[in-house]
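Trainee:
Residue numbers (the working numbering): 1 to 566.
#1: Just the Cα atoms here: how many angstroms apart are residue 207 and residue 262?
#2: Output the distance between the C-alpha atoms of residue 333 and residue 234, rounded to the nearest integer angstrom.
#3: In angstroms, rounded to a whole number, what distance separates the CA positions of residue 112 and residue 138?
#4: Tell me whether the beta-carbon of residue 326 lies closer than 7 Å to the beta-carbon of residue 297.
#5: In terms of DSSP beta bridges, what is residue 452 paired with?
#6: Here's a check: name, in chain order, each residue in its chain whose Cβ is nearer than 6 Å to the Cβ of residue 213, leaving out the five neighbours to either side.
#7: I want to know whether the stretch 269 to 281 touches the stretch 359 to 366 - three or more CB-CB distances under 8 Å.
#8: Determine the burial state of residue 299: buried for a count of at least 16 other Cβ atoms within 10 Å of its Cβ, exposed for fewer.
#9: Have a look at 104, 51, 84 and 98 and flag the residue whose alpha-carbon is nearest the alpha-carbon of residue 64.
#10: Could you say which of 143, 470 and 219 lies nearest to residue 543 if we only look at CA atoms?
#11: Please classify residue 398 as buried or exposed, where buried requires at least 16 other C-beta atoms within 10 Å of its C-beta.
#12: Quick one: give me the first and last residue of the alpha helix (DSSP H) that residue 531 is part of.
#13: Using CA atoms only, rank isn't needed, just tell me which of 513, 243, 502 and 459 is closest to residue 474.
#14: Along the alpha helix (DSSP H) that carries residue 419, what are the first and last residues, could you check?
#15: Excluding the 5 residues flanking residue 389 on each side, which residues of the same chain have their C-beta closer than 8 Å to its C-beta?
#16: In three-state terms, what does DSSP make of residue 234?
#17: Taking buried to mean at least 16 other C-beta atoms within 10 Å of its own C-beta, is residue 405 buried or exposed?
#18: Can you tell me which of the three DSSP states residue 84 falls into?
#19: List the endpoints of the continuous beta strand (DSSP E) containing residue 303.
#20: Near residue 393, which residues of its chain fall below 8 Å by C-beta distance, leaving aside the five closest residues on each side in sequence?
#21: Check the C-beta distance from residue 460 over to residue 487 and give it rounded, since I have them as a contact under 8 Å.
#22: Do the stretch 127 to 143 and the stretch 34 to 50 touch if we need at least three Cβ pairs shorter than 8 Å?
#23: Compare the Cα-Cα distances from residue 548 to each of 293, 528 and 529 and report the closest residue.
#24: What separation, rounded to the nearest whole angstrom, lies between the Cα atoms of residue 482 and residue 454?
#25: Any chance the stretch 437 to 444 sits against the stretch 409 to 419, with 3 or more Cβ pairs inside 8 Å?
#26: So the candidates are 114, 410 and 423; which of them puts its Cα closest to the Cα of residue 349?
#27: Under 7 Å, do residue 352 and residue 421 count as touching if we go by C-beta distance?
#28: With distances taken Cα to Cα, identify the nearest neighbour of residue 227 among 203, 48 and 310.
#29: DSSP state of residue 503, grouped into three classes?
#30: Comparing C-alpha positions only, which one of 561, 553, 563 and 538 sits nearest to residue 222?
#31: Could you give the C-beta distance for residue 410 and residue 367, rounded to a whole number, given that I count them as a contact under 8 Å?
#32: Which term fits residue 253, buried or exposed, when burial requires 16 or more other beta carbons within 10 angstroms of its beta carbon?
#33: According to DSSP, is residue 493 helix, strand or coil?
#34: Taking all protein chains shown into account, decide if residue 231 is buried (16 or more other Cβ within 10 angstroms of its Cβ) or exposed.
Structural data, given as structure tokens:
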């Protein structure tokens, strides 16, 4: 089975096959393509040179800000999410001058590029993003002789911190050179420390294993819940340690839970389509859940790209008269891609053309290639701050279960990923009614099942304002919840988690949803985890408790085999 290529009877409109072409020249798969960046920079420079008055005005503005900073004592005032200068020592001379002037330069350069007269919006954002990445490398927090934390540690440890840092660097290099090496944390092993909720694999095909979790209560709701996680990462982000496992929480709340575990594709699956993920993923799993649980309607939940797939599948089911879905839940999942946040910087025709060539050569997009783009979005924390801590301070990260999961990355099939980026991100075909499933177009307005949608406040992958747009398309009842945290941390938000809160607003069928700014005012704020709110909502859309259904025929114990593929 592992070497079998999926036969796809239908092809997405406008979707090209993506066979492996090893003869293609190898191209570095950097997150920013030179083919896109070069004209963007040229556009900014040429328009800036042609506007000397603008250059003089921006230079004068920068000088005024610098003088004001000196008069105010040069205390740095970074953005809320910028933790580089959090140490109190940055507030005293000379370090306050280093930090303050650097932040002023960074702010000035960003504004100067974005507001250059005559530059296209996309070119301006692309050039500003690249400039920020370049400038961040020279932050005083990254230099040992201008970082007070590093100087303090060096004096205290007589420079031993640099020795430990070198050892950490060698360890990171070893793991980078060995792509099949185990994730960096040995404290969180799948099946031993995480992904522990008891269950059985009840379906396996070329693309998925379906896990049915054993009941943990004597009575359960009659409607099962089918979870569709993202296939960009392993499914067990929703089944981490027992105390913060979303799946375990739902099972303990009296739900019969099924979850898809996606296969980690290699070159043999390079021609796997987005519609294959619908057919052999969601629909195959749904059919198996129906076979196990009988005629009961089924709740479905999709996370990130899994939520986008769920929306496509639900619309196709409604189109075809399949009414098995009792409710839908979308976690940080977009259906309209006109405002996808900074990820849009990486998506234009030149960059996608180059990415297609890279994927065609190897049959997939490697996890490290995807990680480069996501790391650049959070370069201050995911790259530079980590390097300072590990290589200059010599502190080895202890990690946690979420970090261990994040290191256990997966690949993306060439054909599917090209369709996802072009049809959805670039052309917004799903929201605009052009996207096809099973050879026919789907319309999100056909979805009448009640919807529970979750966005997270600090999400740079699926910005909450983009997720919120679901209410524009579906015809049924919508409840929108905005959770604190980011794309992953805001979802893994178990009861008892400190500093968690959420907003909640119900939007009835046919009711006009408030714009995002008004939502923040009208939605009631609650302290704590959002998980109970969703479980309560599910209770309200489920039947009376009864004896759990029998377990399906077991092929293996959870977490199965596919989760271990690297």
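All residues carry an ideal CB built from backbone N, CA and C; glycine is no exception.
Mentor: Let me spell this out:
#1: Here residue 207 corresponds to residue number 207 of the chain shown, with the count starting at 1. Here residue 262 corresponds to residue number 262 of the chain shown, with the count starting at 1. Residue 207 and residue 262: Cα-Cα distance of roughly 6 Å.
#2: The sequence position of residue 333 within the chain shown is 333, counting from 1. The sequence position of residue 234 within the chain shown is 234, counting from 1. About 16 Å.
#3: Translated into positions along the chain shown, residue 112 becomes position 112. Translated into positions along the chain shown, residue 138 becomes position 138. Distance between the alpha carbons of residue 112 and residue 138: 19 Å.
#4: Start at 1 with the first residue of the chain shown, and residue 326 comes out as number 326. Start at 1 with the first residue of the chain shown, and residue 297 comes out as number 297. The answer is yes: Cβ separation under 7 Å.
#5: Mapped onto the chain shown, residue 452 falls at position 452. According to DSSP, which records beta bridges pairwise, residue 452 is partnered with 329 and 479.
#6: The residue given as residue 213 occupies position 213 in the chain shown. Only 197, 199, 251 and 257 meet the Cβ criterion.
#7: yes
#8: Locating residue 299 in the chain shown gives position 299, where the first residue counts as 1. With 16 or more other Cβ atoms within 10 Å, it is buried.
#9: As a working note, residue 64 is residue 64 in the chain shown. The shortest Cα separation from residue 64 among 104, 51, 84 and 98 belongs to 104.
#10: Walking along the chain shown from the start, residue 543 turns up at place 543. That would be 219, whose Cα lies nearest to the Cα of residue 543.
#11: Counting from one through the chain shown, the residue named residue 398 turns up at place 398. It counts as exposed.
#12: Numbered from 1 along the chain shown, position 531 holds the residue referred to as residue 531. Unbroken alpha helix (DSSP H) run through residue 531: 531 to 540.
#13: Taking the first residue of the chain shown as 1, we reach residue 474 at position 474. If we check each option's Cα against that of residue 474, 513 comes out closest.
#14: The count along the chain shown starts at 1 and reaches residue 419 at position 419. Start and end: 414 to 419.
#15: On the chain shown, position 389 is the one that residue 389 refers to. Closer than 8 Å at Cβ, skipping near neighbours: 395 and 397.
#16: Counting from one through the chain shown, the residue named residue 234 turns up at place 234. Looking at residue 234 - three-state DSSP - the assignment turns out to be coil, as it is neither helix nor strand.
#17: Translated into positions along the chain shown, residue 405 becomes position 405. By the neighbour-count rule (16 or more Cβ atoms within 10 Å), residue 405 is buried.
#18: Position 84 of the chain shown, counted from the start, is the residue given in the question as residue 84. Correct three-state label for residue 84: coil.
#19: Counted from its first residue, the chain shown places residue 303 at position 303. It spans 298 to 303 - the beta strand (DSSP E) in which residue 303 sits, taken as one unbroken run.
#20: On the chain shown, position 393 is the one that residue 393 refers to. 149, 150, 153, 161 and 165, listed in sequence order.
#21: For this step, residue 460 is matched to residue 460 along the chain shown. For this step, residue 487 is matched to residue 487 along the chain shown. About 7 Å; that satisfies the 8 Å criterion.
#22: yes
#23: Looking up residue 548 in the chain shown gives position 548. Out of 293, 528 and 529, 293 has the C-alpha closest to the C-alpha of residue 548.
#24: By 1-based counting over the chain shown, the position of residue 482 is 482. By 1-based counting over the chain shown, the position of residue 454 is 454. Computed Cα separation, rounded: 6 Å.
#25: no
#26: Position 349 of the chain shown, counting from 1, holds the residue named residue 349. Considering only alpha carbons, the answer is 423.
#27: Translated into positions along the chain shown, residue 352 becomes position 352. Translated into positions along the chain shown, residue 421 becomes position 421. Contact: yes.
#28: Reading the chain shown from its first residue, position 227 is the one you call residue 227. The candidate whose alpha carbon is nearest that of residue 227 is 310.
#29: Taking the chain shown and counting its residues from 1, the one referred to as residue 503 is at position 503. Correct three-state label for residue 503: strand.
#30: Here residue 222 refers to the residue found at position 222 when the chain shown is read from its first residue. Answer by Cα proximity: 538.
#31: As a position in the chain shown, residue 410 is number 410, starting the count at 1. As a position in the chain shown, residue 367 is number 367, starting the count at 1. Confirmed, Cβ separation roughly 6 Å.
#32: Walking along the chain shown from the start, residue 253 turns up at place 253. Counting Cβ neighbours within 10 Å, residue 253 comes out buried, since at least 16 surround it.
#33: Position 493 of the chain shown, counted from the start, is the residue given in the question as residue 493. Three-state result, residue 493: coil.
#34: Walking along the chain shown from the start, residue 231 turns up at place 231. Classification for residue 231: buried.
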